[in-house]
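The numbering of the sequence shown is the numbering used here, which starts it at 74 and goes up by one.
Don't be surprised by glycine CBs; every beta carbon is placed ideally from N, CA and C.
Following: one structure in structure tokens, then a few remarks.
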Amino acid sequence: MDSLTEANGNFGLNLLKNLGGSNLENIFFSPLSISLALAMVYKRAKGSTAAQMAQVPQAVSQTIHVALNLYIEMIFCISNPKVIVAFT
Numbered sequence: 074m075d076s077l078t079e080a081n082g083n084f085g086l087n088l089l090k091n092l093g094g095s096n097l098e099n100i101f102f103s104p105l106s107i108s109l110a111l112a113m114v115y116k117r118a119k120g121s122t123a124a125q126m127a128q129v130p131q132a133v134s135q136t137i138h139v140a141l142n143l144y145i146e147m148i149f150c151i152s153n154p155k156v157i158v159a160f161t
């Protein structure tokens with residue numbers, strides 16, 4: 074989880090700088106939601122779209138892949154819950 078937190082934090086800060094420029098007031102977004110959306114698009118992209126998306130900086134690419142893998146793991150855990158009972 075640490076790699077997602079760090080990568081997504083860096084992605085969010087870079088995105089904030091690019092979106093806000095010098096005006097950082099009243100900007101609200103979810104870096105994780107954007108990462109997941111980009112990951113889903115990239116996973117199915119083909120041709121020139123896939124080629125262009127592959128050219129993103131390594132930090133963004135890493136964030137997208139880590140986020141997607143953790144999201145898939147979370148969905149799997151929700152779909153197949155494990156019940157652990159401890160008696161003391």
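The alpha carbon of Phe84 has as its nearest neighbour, out of Ser121, Ser95, His138, Arg117, the alpha carbon of His138. If one requires a minimum length of 3 residues, no beta strand (DSSP E) run lies completely within the region 96 to 131.
Between Tyr144 and Leu111, the gap from beta carbon to beta carbon reaches 8 Å or more. Within 10 angstroms of the beta-carbon of Pro154 lie fewer than 16 other beta-carbons, which makes it exposed. In the structure shown, the three-state DSSP call for Ile157 is coil.
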